[in-house]
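*Asks:* Once you've had a glance at the structure underneath, I'll fire off some questions.
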DNA sequence: TTGAAAGCGCTAACAT
DNA sequence: ATGTTAGCGCTTTCAA
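Chains as they are written, first to last, in the numbering used here: chain A, 573 to 896; chain B, 573 to 896.
Structural data, given as structure tokens:
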């Protein structure tokens, strides 16, 4: 591997001159520049970023910590992050905390070792409160940990509200909310939005707690069997919705005639099950992009116009709800 | 940020001693060690990995380049990679080439700037042939570019073969293979395996080329309408299979009674559509793990026991095929 | 316009 | 058992 010295020697200039050329900084004679550039090409010289970073204390690398990787929310957000990161010349280190606080702080430690320029974290751990003391710029995804820590969140309250609005407007009288783990703030917010609309209309609903990805079929079945009058179901994931529809078929219910169903996430699944699923779409890629845009501002010490970005959701109407 | 000098000064020892303590290398008095360790804690000292890497020329970081991120194959492989990488103390840099060769080589360039210890690449680009000249250890996923470059691939030939075996054994007479883009080696191999079994039985089948993720519904429909006698369908993705089943329902065909269907990938989707999809499972997480295990050997200059790892597939029988 | 040299934080050979 | 020091590859100040 050629280094800056090799290049300098080849052209008979000092390393300082070569440095000026590769950084496009300071005076350097046009002819010398040409010579140096040729030598760089010939030797296939690529500056060592470690030496550079050692001096400059920036790494042009950002760290991303997510509690899961194989989850459409996170990998879509990651896709958005990577996209903009690339445009700004940042590298992305990806870490999977597996919801493990221990592991999370291990990653953070690695990050400071590597002079990471900034961190994007989607986490439900209780460590989060400690992060605001970190001197590294940080943006949280899908959660606000403190007024002072910039965030990008999806408008979950609106998601719940829109779902209720749609179901009730389409004629549903007896609603149930099959939601995600109620410890999650996002889930609480969806509930809040859902209830908010119902309150406005003096309606009530049942709530059943499930997992997003592996919801217990038996819990769904038990509930729906015991409540045969249910005619509107709001699910906190498309997966839950798919399972609900499965159960409904077995109970001899027609969707959307007897029961209307709304999912969450607008995953591929929503378009592939039949009838096609009405669902709430979170703009995940956009969330990723907004997160890295915020982070970039923080790194450049610019003022954030919007410290807490709330990304709107969108109701995607398909065939599991009735047209109004 | 405290550095090694600060620690040394605090305990009145030399930086060498501190270095010995943090690296657990060379002689150091138990008492001095205690003192140093205390100072490290007190100053919250974390060694700068850049300075270290500058010297040692290893970064404890590996680079991963995939053509897509939001694709169950790649993010599952990524999950496997990250898992083992963490265990071995490696950081993972993730890059999305978007199938763009230009971008791919830009990433490679970044990697050498950062003294990346090794690269895992899943790519269909024509650049691949150049990588074997790279001095950085490299492992390819899902593709063999050269006898000399270690790889981890899924047994696609067997995948095709097993699918044909299952369909024919279950009584199918008129088969069609809705496959992925035929430029892909993986797709060609599945075809090869599928045909191989058919040849053995003196059977033939039609082949229709589609996209994995966004297969054109109309092509599927056209084909199935024109060939009403089809009774066995092998699809190169679960998504294709889901769309096929959609079309079949509209054509009034019963699955699996009239037509049997086999998908590929064993995604979440397979269990959520009804009837539940029989599919070929690629062990993607395992592929990721095997890739990083190979890479780790290369980095440590150990001999690879198996240069080209072929990960077996598995037929997951569900309800879109008949029991034999 | 260019070069010499200090120094970023760390490791390791060598000396003590 | 510990310290001194050169050097990893680069940037940047200062001097020429």
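Ideal Cβ positions, reconstructed from N, Cα and C, are used throughout, including at glycine.
1. Taking any Cβ of chain A, which residues in the segment 607 to 626 of chain B have a Cβ under 8 Å from it, in chain order?
2. How many angstroms separate the CA atom of residue 799 of chain B from the CA atom of residue 763 of chain B?
3. If you reduce the DSSP assignment to three classes, tell me which class residue 638 of chain A lands in.
4. Find the nearest neighbour of residue 761 of chain B within the set B:599, B:731, B:779, B:882, judged by alpha-carbon distance.
5. Note down, in chain order, all residues in the segment 637 to 663 of chain B with a beta-carbon under 8 Å from any beta-carbon belonging to chain A.
6. Within a Cβ cutoff of 7 Å, which residues of the same chain sit near residue 814 of chain A, ignoring the five residues on either side of it in sequence?
7. Determine the direct distance from the alpha carbon of residue 852 of chain A to that of residue 887 of chain A, and round the result to whole angstroms.
8. Is the Cβ-Cβ distance between residue 711 of chain A and residue 680 of chain A less than 7 Å?
9. Counting contacts by CB-CB distance shorter than 7 Å, is residue 783 of chain A in contact with chain B?
10. Can you list the beta strand (DSSP E) stretches of 3 or more residues lying completely in the segment 848 to 891 of chain A, in chain order?
11. Indicate whether at least one CB of chain B lies closer than 7 Å to the CB of residue 556 of chain A.
12. Using 8 Å as the cut-off, can you tell me whether the segment 631 to 651 of chain B makes contact with the segment 859 to 870 of chain A, which would need three or more C-beta pairs spanning the two stretches below that distance?
13. Check this for me: beta carbons of residue 856 of chain B and residue 724 of chain B, under 7 Å apart or not?
14. Spatial neighbours of residue 669 of chain B within its chain, please: CB distance less than 8 Å, with the 5 preceding and 5 following residues excluded, ordered by chain position.
15. Contact criterion: CB-CB distance below 7 Å. Does residue 693 of chain A meet it with respect to chain B?
16. What are the start and end residues of the alpha helix (DSSP H) that includes residue 726 of chain B?
17. To the nearest angstrom, how far is the alpha carbon of residue 606 of chain B from that of residue 705 of chain A?
18. Could you check whether residue 809 of chain A and residue 837 of chain A sit closer than 7 Å to each other, using their CB atoms as the reference points?
19. Put residue 747 of chain A into one of helix, strand or coil per three-state DSSP.
20. Can you tell me where the beta strand (DSSP E) with residue 663 of chain A in it begins and where it stops?
21. In this structure, how does DSSP classify residue 645 of chain B when only helix, strand and coil are distinguished?
22. Taking Cβ-Cβ distances below 7 Å as the criterion, which residues of the segment 668 to 690 of chain B are in contact with chain A?
23. So which residues of chain B does residue 821 of chain A contact, with C-beta pairs closer than 8 Å?
24. Measuring alpha carbon to alpha carbon, tell me which residue in B:847, B:829, B:635, B:721 is nearest residue 822 of chain A.
25. So, helix, strand or coil for residue 781 of chain A, using DSSP?
26. Which runs of the alpha helix (DSSP H) at least 4 residues long sit entirely within the segment 772 to 840 of chain A? Give them in chain order.
27. Does the beta carbon of residue 789 of chain A sit closer than 7 Å to a beta carbon anywhere in chain B?
28. Rounded to whole angstroms, how far is the Cβ of residue 776 of chain B from the Cβ of residue 714 of chain B, which I believe are closer than 8 Å?
29. Going by DSSP, what residue range makes up the alpha helix (DSSP H) through residue 755 of chain A?
30. Do we get a CB-CB distance below 7 Å when we pair residue 666 of chain A with the residues of chain B?
31. Let's test the definition: count the other Cβ atoms within 10 Å of the Cβ of residue 790 of chain B and tell me whether it reaches 16, buried, or not, exposed.
32. Express the C-alpha separation of residue 702 of chain B and residue 673 of chain B in angstroms, rounding to a whole number.
33. Residue 814 of chain A touches chain B at which residues, Cβ-Cβ below 7 Å?
34. Do residue 812 of chain B and residue 750 of chain B have their C-beta atoms closer together than 7 Å?
35. Listed in chain order, which residues of the segment 800 to 813 of chain A have Cβ atoms closer than 8 Å to some Cβ of chain B?
*Replies:* Reading from the atomic positions:
1. Against chain A - using a Cβ distance shorter than 8 Å - the residues of the segment 607 to 626 of chain B are 618, 619, 620, 621, 622, 623, 625, 626.
2. 20 Å
3. strand
4. B:731
5. 641, 642, 644, 647, 648, 650, 651, 654, 655, 658, 663
6. Cβ neighbours of residue 814 of chain A within its own chain (closer than 7 Å, five residues either side excluded): 841, 845.
7. A straight-line Cα-Cα distance of about 5 Å links residue 887 of chain A and residue 852 of chain A.
8. Cβ distance not < 7 Å, so residue 711 of chain A and residue 680 of chain A don't count as in contact.
9. Residue 783 of chain A is outside the set of residues whose beta carbon lies under 7 Å from a beta carbon in chain B.
10. Counting only runs of 3 or more, we get 850 to 854, 880 to 883, 885 to 888.
11. Residue 556 of chain A lies beyond the range of chain A shown here (573 to 896); nothing can be said about it.
12. Note that the segment 631 to 651 of chain B does not touch the segment 859 to 870 of chain A; fewer than 3 beta-carbon pairs, one per stretch, sit closer than 8 Å.
13. no
14. Answer for residue 669 of chain B: 637, 638, 639, 675, 676, 679, 695, 697, listed in chain order.
15. Put simply, the CB of residue 693 of chain A is far from chain B, with every gap to its CB atoms at 7 Å or more.
16. Here residue 726 of chain B belongs to no alpha helix (DSSP H); instead the beta strand (DSSP E) covers 723 to 726.
17. C-alpha separation (whole angstroms): 28 Å.
18. yes
19. strand
20. Unbroken beta strand (DSSP E) run through residue 663 of chain A: 663 to 668.
21. helix
22. 668, 681, 682, 684, 685, 686, 687
23. 846
24. B:847
25. Strand, per DSSP.
26. Counting only runs of 4 or more, we get 789 to 798, 810 to 822.
27. no
28. Actually they do not touch by this definition, with Cβ atoms about 28 Å apart.
29. It is not in any alpha helix (DSSP H) - residue 755 of chain A carries neither H nor E in the DSSP assignment.
30. Output row for residue 666 of chain A: interface = yes.
31. Label assigned to residue 790 of chain B: exposed.
32. Answer to the nearest angstrom: the Cα atoms are 12 Å apart.
33. 844
34. yes
35. The segment 800 to 813 of chain A vs chain B, Cβ under 8 Å: 811.
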